[in-house]
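Written below as structure tokens is the structure these notes are about.
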Amino acid sequence: MFVPLALSAQAEVETLRLANDTLAVEITPDIGGRLLSARLVNKPNFLKVGDAVVTEPNPDVSPTANNIGYLGHEIWVGPQSHWWQQQLLNDTRRAAKAVWPPDPYLILAKNTTQEKNAQQVVLQSPNSPISGVAIKKAYSLVSGNPNQIKLDVEATNIRDSNVAWDIWFNSRVPYTSQVYVPVANMKDVRVEHFSDTTYDGLTHNFSDGIFALENANSAQKQGRKGKVFIQPSQGWMAAFRADQLLIIQFALQPKSAIHPEQGQIELYQEFLHSEPDAGLLELEVHAPYKTLAPGASMGAAEIWTLLPYTGANTRAAHIEFLHQLNIAGKL
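Positions in the sequence shown are counted from 1; adding 27 to them yields my numbering.
Structure follows, in structure tokens:
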């Protein structure tokens with residue numbers, strides 16, 4: 028089923044819907060071309076979406092533009108330290124080796140809808156003078172599996188010289204979502220705690236080959252903030268939220284294929300106890316870092332599976348449920 032719709036009476040972003048009897052997703056070609064909603068039928072959106080989708084539907088797109096918190100799922104390129112190093116349009120950000128904001132032409136600009144039918148929506152970004160790439164995104168219902176959607180991404184070098192990037196998937200969910208990542212050893216995990224006078228570092232645990240964030244409040248400070256860089260042992264991660272489970276699957280890569288500043292999986296978490304609804308968890312996946320010749324392209328994909336979950340909200344119950352699914356055997 029394909030249905031254009033609006034998020035609300037005030038919203039101006041165009042929204043495209045893919046749905047079957049099991050799940051529904053909503054995509055916009057506006058504001059960077061992003062996935063705004065993914066959910067089981069008659070269940071709430073699993074993703075976290077910012078109010079700016081309604082309040083700022085027509086952002087300025089320029090070399091001086093800043094990030095706007097639309098959230099949902101979007102595509103970046105990595106590594107982050109290179110974002111403003113391969114351009115000549117913003118000298119200040121290049122000189123500062125800025126790591127924020129992401130490329131405005133990839134996260135804010137309106138995309139062209141190249142295809143829309145009952146099974147698929149295909150979006151094409153404009154050529155970015157900041158990153159030197161254009162991004163094509165295809166969102167598809169998966170034939171034969173009504174619980175799945177597939178995200179295919181292709182990045183193409185639009186310059187007459189080489190560029191080097193990875194494709195970076197970034198899915199935002201409420202910070203209280205319980206995430207699990209398969210890891211062989213804690214040596215494959217790097218945790219950066221963004222502690223200051225307001226925020227404490229992250230809490231986490233690892234046992235039986237599974238890494239998890241604990242989402243625990245801090246007794247000493249007003250909240251928590253940090254990032255985790257992971258070389259997973261299998262090509263998936265899973266997040267439980269209320270009575271839904273989201274499994275993100277991807278092609279497992281050797282550590283050597285991932286830029287050394289990044290992890291194939293990254294988790295960013297930030298929350299304040301006083302503002303729990305504003306808390307954020309990012310579920311991020313990096314594809315291999317590659318050098319592209321002029322006109323060359325590279326691709327990457329994720330498969331999302333949404334399932335109902337009615338068990339206990341405990342690590343033991345979650346892990347048992349994942350074991351019953353035999354996720355590794357489905358890759």
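For glycine and all other residues, C-beta sits at the position ideal for the given N, C-alpha and C.
Asked: What ranges does the beta strand (DSSP E) occupy inside the region 186-218, keeping only unbroken runs of at least 3 residues that lie completely in it?; Found: 190-200 and 205-209
Asked: Hey, how far is the Cα of Val52 from the Cα of Leu45?; Found: 5 Å
Asked: Using the C-alpha atoms, what's the distance from Ala344 back to Ala191?; Found: 42 Å
Asked: Give me the Cα-Cα distance between Glu39 and Gln351, rounded to the nearest whole angstrom.; Found: 43 Å
Asked: Which term fits Pro56, buried or exposed, when burial requires 16 or more other beta carbons within 10 angstroms of its beta carbon?; Found: buried
Asked: What is the DSSP secondary structure of Gln107, counted as helix, strand or coil?; Found: helix
Asked: By the DSSP assignment, the alpha helix (DSSP H) with Pro131 in it spans what residues?; Found: Pro131 to Ile134
Asked: Give the DSSP-derived three-state secondary structure of Lys377 in the structure shown.; Found: Only positions 28 to 358 of the chain appear in the structure, and residue 377 is not among them; the question remains open.
Asked: Would you report the Cα separation of Phe29 and Ala92, rounded to the nearest angstrom?; Found: For Phe29, the predicted structure reports a pLDDT of 42, less than 50, and the residue's modelled location is therefore unreliable. The matter cannot be settled from this model.
Asked: Can you tell me which of the three DSSP states Glu288 falls into?; Found: coil
Asked: Do the region 69-78 and the region 148-166 make contact, defined as three or more Cβ pairs closer than 8 Å?; Found: no
Asked: For Gly236, count the other beta carbons within 10 Å of its own beta carbon; 16 or more makes it buried, fewer makes it exposed. Which is it?; Found: exposed
Asked: Beta strand (DSSP E) containing Ala48: first to last residue?; Found: It is worth fixing the name first, because residue 48 is Asp in this sequence and not Ala. Premise fails: Asp48 is in no beta strand (DSSP E) and is neither H nor E.
Asked: When burial is assigned at 16 or more other CB atoms within 10 Å of the CB, is Ala122 buried or exposed?; Found: exposed
Asked: Kindly indicate the opening and closing residues of the alpha helix (DSSP H) around Thr82.; Found: Ala79 to Thr82
Asked: Give the straight-line distance between the Cα atoms of Glu41 and Ala243, rounded to the nearest whole angstrom.; Found: 38 Å
Asked: Report yes or no: do three or more beta-carbon pairs, one from the region 190-210 and one from the region 297-308, lie closer than 8 Å?; Found: yes
Asked: So, are the CB atoms of Lys254 and Tyr226 less than 9 Å apart?; Found: no
Asked: Ignoring anything shorter than 3 residues, give me the beta strand (DSSP E) runs that lie fully in the region 257-322, in order along the chain.; Found: 263-268, 271-276, 292-299, 307-313 and 317-319
Asked: Grab the span of the beta strand (DSSP E) containing Glu329 for me, first residue to last.; Found: Ser324 to Pro335
Asked: Taking DSSP as the reference, what is the three-state secondary structure of Thr140?; Found: strand
Asked: For Phe233, write down the residues that DSSP places opposite it in a beta bridge.; Found: Phe238
Asked: Taking C-beta to C-beta, are Leu294 and Leu272 nearer than 9 Å?; Found: no
Asked: Does the distance from the CB of Pro106 to the CB of Ile157 come in under 9 Å?; Found: no
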